[in-house]
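A quick write-up on the structure given underneath.
Protein chains: 2
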Amino acid sequence: MQGGRYFLTTFAAEINEKSAVIARMAKEIKELTPRSENYSQWYQDLVTKADLAENSAVRGCMVIKPYGYAIWEKMQAELDKRFKETGHVNAYFPLFIPKSYLSREADHVEGFAKECAVVTHYRLKNSPDGSGVVVDPEAKLEEELIVRPTSETIIWSTYKNWIQSYRDLPVLCNQWANVVRWEMRTRLFLRTAEFLWQEGHTAHATREEAVAEAEKMLEVYGDFAEKVLAVPVIRGVKSETERFAGAVDTYTIEALMQDGKALQSGTSHFLGQNFAKAFDVYFLNKEGQRELVWATSWGVSTRLMGALIMSHSDDNGLVLPPSLAPIQVVIVPIYKTEEHLATIRERVEPLIKDLRARGISVKLDDNDNKKPGWKFAEYELKGIPVRLALGARDLEQGTVEVARRDTLTKETVAFEGIADHIESLLQSIQKNIYDKALAFREASTRTVDTYEEFKTEIEKGGFILAHWDGTPETEARIKEETKATIRCIPLGGDPTPGVCMVTGKPSKQRVLFARAY
Amino acid sequence: MQGGRYFLTTFAAEINEKSAVIARMAKEIKELTPRSENYSQWYQDLVTKADLAENSAVRGCMVIKPYGYAIWEKMQAELDKRFKETGHVNAYFPLFIPKSYLSREADHVEGFAKECAVVTHYRLKNSPDGSGVVVDPEAKLEEELIVRPTSETIIWSTYKNWIQSYRDLPVLCNQWANVVRWEMRTRLFLRTAEFLWQEGHTAHATREEAVAEAEKMLEVYGDFAEKVLAVPVIRGVKSETERFAGAVDTYTIEALMQDGKALQSGTSHFLGQNFAKAFDVYFLNKEGQRELVWATSWGVSTRLMGALIMSHSDDNGLVLPPSLAPIQVVIVPIYKTEEHLATIRERVEPLIKDLRARGISVKLDDNDNKKPGWKFAEYELKGIPVRLALGARDLEQGTVEVARRDTLTKETVAFEGIADHIESLLQSIQKNIYDKALAFREASTRTVDTYEEFKTEIEKGGFILAHWDGTPETEARIKEETKATIRCIPLGGDPTPGVCMVTGKPSKQRVLFARAY
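Right under this line is the structure:
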């Protein structure tokens, strides 16, 4: 008996120890590095632990995991609807661009040649030693193909055949595609060698129409960012230095992340006649004269996932605006017996139906293998906007516990009429997330007049509005000395002129500076 | 005056001549080579003239034009819904596959190595003579990357990290993506170097579950083909020779085109443990034992566009099933004056609203630059299922002309209650298109018993059911001598055994032969 008792004690100790190990592991698995400690590590932890994306075996290329992809799909659906409402149609153009095409527009090739994936061969063969496969030197392409970093060149070579007369204009195409830019330092969603995006490419008869299109699409992006992502953005024009390679003007939406760094979240380019010139795209106008076609292009990418994450999330995990949450409401039953669970199921079933009929996505998590506490942490990590918990007391008293992810607050409310409550709660959450991000940005945006002040302020992060003399030289000096770039010349900003904080030369208006991703 | 009159006459003659030229051009532009004359040319004409797709500047890569892409988007939406209803989620995996990964599964690399695009460098630089850009020899990749021809290898290398225990199974992912197979002879939609597809990749704890998944997805494809594409298909299993590279079993749906050739329209593979072995993917079962994971993969591609076109269309153009028509109903007003047009608009506006409320897509074509006759031809070419025409007499008499694209018939019916009529007409059209294709396939399917008879019959096109001894040798001989391949061993076909038509050896059941795309 002595031995038996000893054994049992040891056994119990062992179990305790194991539980402790498991608890520690669970903590490690789920816990994120706090933002205050290391923002960059927090981001990396969150993206991987919330199952959004992970690095793949291919340098710089990510795997977008199902939960991350579900959020991207919701973004796509919202954007696609807006593109179609503004008269655009989708099409698909080749992944590959002949090397000579990329070279046709001088600025364009300058901008993209240094970071592109080049296909040189079209066949592998067995290696002579039988150990695997090698590139077949006899299957060399006559002309190398570039994996598209963006599609202006291949698309304008196509538009040449589509456009003859003013009657063929405008052409308003969008494409959902993958693109590759061989970035050396990559970060999940923010900067990856391959990423997913949409690229609109439009062709117009006049400069005015093309400029109006570029501005319209900037506003589509701005509205999408604010209404759907709940991310407030500054709309503006890029300085010459920061312009898209091949553009006459680049419009941008700029968002401010929680760590005080800016994130360019979408761009719309007025391309002038640069690509029409490069690919000989002329049209006969109403007067029968031959004219070059005017162009725009505009795009947003999976980088928006980064903007979403870094605008709202916290040390407990993701905070998703209801508009993008794959699951908007999760119901966690708190029960001891199977009968008990059955009663809860019976209670919530009509509610689930009701919510779904309102277009609200709901999940009932009655998984028996996980404790409620584990589930609560998991759904916080995943950013589910509303969590309902129902236990024995709730059943008796006709109540339910409602937890908000954005404020991490809970309240016990009457079960009766709960669907209406949830519907309006989701709207408040959407608004609150946006308001919070806006308040943060406003508190982080300062106006400075001297370069000394600028140098101090830029260290604190955030947006700085300052006067600049408009020259690339001054812009380069500021970047060199402070790592800050001109995010944009704000549209509709304060138009008061002044003098450049660095050179004292005249400035037409304050421009927006920040350190940026 | 004499001179003036002469001038006028000449001028009129010139105008007449120009009209004739324009009419001829219009005819040329719109007219298709008749199917009876050259089926292959008819197909090429139709794909390009109906604005579905065209060849691009990149060898073998197509541009999918907006109208073609709109049809593909409808296919995607229907398929995606069915995948989600059967428990699958979408994700995204890298475009590139390290060369060594492709080699891990012996059959797989054997099947794909000979036709793949290989990325060897990651940078271009200015050419020494300043004439353009060249590949930078210093930017050579340590290991070449293959542009994915299919994603089993990159996905199973990822699943290795996702799967530890039976609790992690099943994994049910799908991906919408572009893939590249360096085909030497390409045809729009049917065989292109780059194409769009979806590829499902699932991981399971048992062989039975994986086989059931592969069969379930075959049925999803079969149901989609028949209900949505209105294309009847034979479900079956591929012979060993025709199996996917790396599969244990390949299930297929086979359709018969109007020219008597078969088109493989979708495949679902039971991959056994081949990829789990190649990438060391094990799981701990409920008993705590380590086991290899079981796999399936399944895919359909833009090739379905070819199946759709070659199943239903005619010498006047596309015939689209209403389920996939981007525009289901077009209204063409026949008018002489602006007031007249205004009256017609007023009449049809409530109808348009009503139809849209029923989920029917409608276009009112009041373009003033085109004559009704031109519009009729255009919408026939584009395959719009129902065309309404309204003129002065219709307004007076309260009628409307309704034309069906599938039967090319017209009837004049009361305008009152026309929405109900159109709704049921669209259903009849969907059914009629399917029934017609099914009747054609049934009339083109024969049973033969001798190889002599087979050789005669195969020349006529269509499906032939014949006995085969089950050996790759006999299969190869038949292919060599008749160009016919075994499309599949039909599931649920006549199970009566017999003797091989070639060798006289025993045969378990008749198999399906055809010449194929």
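So the sequence lines, in the order shown, correspond to chains A and B.
According to this note's numbering, the first sequence is numbered sequentially starting from 1.
According to this note's numbering, the second sequence is numbered sequentially starting from 518.
For glycine and all other residues, C-beta sits at the position ideal for the given N, C-alpha and C.
Note that this is a predicted model, so its numbers are computed, not measured.
* is_contact[B:G816, chain A] using C-beta, thresh 7 Å -> No, B:G816 does not count as interfacial toward chain A.
* **C-beta neighbour in chain B for A:H121, strict 7 Å** => For A:H121, the nearest beta carbon of chain B is closer than 7 Å to its own beta carbon.
* Asked: When the Cα of A:Y122 is compared with those of A:S103, A:A106 and A:E144, which residue comes out closest?
  -> In terms of Cα proximity to A:Y122, the closest of A:S103, A:A106 and A:E144 is A:E144.
* To do: Count the C-beta pairs between the segment 44-59 of chain A and the segment 608-617 of chain B that are closer than 8 Å, then say yes if the count reaches three, no if not.
  => By the criterion of at least three beta-carbon pairs nearer than 8 Å, the segment 44-59 of chain A is in contact with the segment 608-617 of chain B.
* CA nearest to the CA of B:A1033, picked from B:N833, B:D562, B:S782 and B:E928 -> Ranked by Cα distance from B:A1033, the first of B:N833, B:D562, B:S782 and B:E928 is B:S782.
* Asked: Do the segment 770-781 of chain B and the segment 791-800 of chain B touch if we need at least three Cβ pairs shorter than 8 Å?
  -> Three or more beta-carbon pairs separated by less than 8 Å are not found between the segment 770-781 of chain B and the segment 791-800 of chain B, which leaves the two stretches without contact.
* Note the first and the last residue of the continuous alpha helix (DSSP H) segment covering A:Q430. => Unbroken alpha helix (DSSP H) run through A:Q430: I418 to A443.
* Whose Cβ in chain A lies nearer than 8 Å to the Cβ of B:N607? -> Result: P66, Y69, A70 and E73.
* **Short CB-CB distance (under 7 Å) between A:N174 and chain B** => So, not an interface residue.
* For B:M592, which three-state DSSP category applies? -> Here B:M592 carries a helix assignment [DSSP, helix/strand/coil].
* To do: Measure how close the beta-carbons of B:A824 and B:L780 come, nearest whole angstrom, since I'm counting them as under 8 Å.
  => Contact holds; Cβ gap of about 5 Å.
* Given a threshold of 16 other Cβ atoms within 10 Å of its Cβ, counted over all protein chains shown, does A:Q328 qualify as buried or as exposed? -> Buried: at least 16 other Cβ atoms inside 10 Å.
* Given that A:S100 touches chain B, what residues does it touch there, using C-beta distances under 7 Å? -> Ordered by position in chain B, the residues that pass the 7 Å Cβ test against A:S100 are G649.
* Integer Cβ distance of B:G604 from B:L689, believed to fall under 8 Å -> The beta-carbon separation of B:G604 and B:L689, rounded to 5 Å, stays under the 8 Å limit for a contact.
* **Boundaries of the beta strand (DSSP E) in which A:Q264 is found, first to last residue** => Run containing A:Q264: A262 to G272, per the beta strand (DSSP E) assignment.
* Classification of A:Q175 by the beta-carbon crowding that lies within 10 angstroms, buried from 16 upward -> So A:Q175 ends up on the buried side.
* Asked: Run through DSSP, which three-state label would A:E110 get?
  -> Of the three classes helix, strand and coil, the one that applies to A:E110 here is helix, per DSSP.
* Taking A:V348 as the reference, which of A:D45, A:E416, A:I155 and A:R167 has the closest Cα? -> Checked all of A:D45, A:E416, A:I155 and A:R167; the closest Cα to A:V348 is A:E416.
* To do: Could you spell out where the beta strand (DSSP E) holding A:T192 opens and where it closes?
  => Counting along the chain, no beta strand (DSSP E) covers A:T192, and no H or E run does either.
* Asked: Looking at C-beta atoms only, is the number of pairs between the segment 931-950 of chain B and the segment 860-875 of chain B that lie closer than 8 Å three or more?
  -> By the C-beta criterion, the segment 931-950 of chain B is judged to be in contact with the segment 860-875 of chain B, since at least 3 inter-stretch pairs fall below 8 Å.
* Whose Cβ in chain A lies nearer than 9 Å to the Cβ of B:L835? -> Correct list: empty, because the minimum Cβ distance to chain A is about 17 Å.
* Asked: chain B beta carbons: is any one of them nearer than 7 Å to that of A:L124?
  -> Using beta-carbon distances, A:L124 counts as an interface residue toward chain B, with a partner under 7 Å.
* **Alpha-carbon spacing of A:P472 relative to A:Y159, whole angstroms** => The alpha-carbon atoms of A:P472 and A:Y159 are separated by roughly 34 Å.
* Asked: What's the gap between the Cα of B:R904 and the Cα of B:Y852?
  -> Roughly 16 Å separates the two Cα atoms.
* Buried versus exposed call for A:R487 [16 or more other C-beta atoms within 10 Å across all chains shown] -> Looking at its Cβ environment, which holds 16 or more other Cβ atoms inside 10 Å, A:R487 is buried.
* the segment 717-729 of chain B / the segment 647-663 of chain B touching (three or more Cβ pairs under 8 Å) -> The segment 717-729 of chain B vs the segment 647-663 of chain B: no contact.
* Asked: Nearest chain B C-beta to A:E199 closer than 7 Å, yes or no?
  -> Chain B contact via Cβ: absent.
* Chain-ordered neighbours of A:I154 on chain B, where CB pairs are closer than 8 Å -> The contacting residues are S573, A574 and V575.
* DSSP on A:R35, reduced to helix/strand/coil? -> Of the three classes helix, strand and coil, the one that applies to A:R35 here is coil, per DSSP.
* Asked: What separation, rounded to the nearest whole angstrom, lies between the Cα atoms of B:N695 and B:W714?
  -> The straight-line gap from Cα to Cα measures roughly 6 Å.
* With 16 as the cutoff for other CB atoms within 10 Å, does B:L746 come out buried or exposed? -> Counting Cβ neighbours within 10 Å, B:L746 comes out buried, since at least 16 surround it.
* Alpha carbon of B:G520 to alpha carbon of A:E287, nearest angstrom -> Low confidence applies here, because B:G520 scores a pLDDT of 45, under 50, leaving its location unreliable; read the following figure in that light. A:E287 has its alpha-carbon roughly 29 Å from the corresponding atom of B:G520.
* Give the secondary structure of A:H88 by DSSP, where H, G and I count as helix, E and B as strand, and everything else as coil. => Judged by DSSP in its simplified three-state form, A:H88 adopts coil rather than helix or strand.
* Asked: Closer than 8 Å, Cβ to any Cβ of chain A: which residues of the segment 693-710 of chain B, in chain order?
  -> Listed in sequence order: A694, N695, V697 and W699.
* Asked: Buried or exposed: which applies to A:V502, given that a residue is buried once 16 or more other Cβ atoms fall within 10 Å of its Cβ?
  -> Buried, by the Cβ-count rule.
* With burial defined as no fewer than 16 other Cβ atoms inside 10 Å of the residue's Cβ, what is the status of A:P495: buried or exposed? -> With fewer than 16 other CB atoms across the displayed protein chains lying within 10 angstroms of its CB, A:P495 is exposed.
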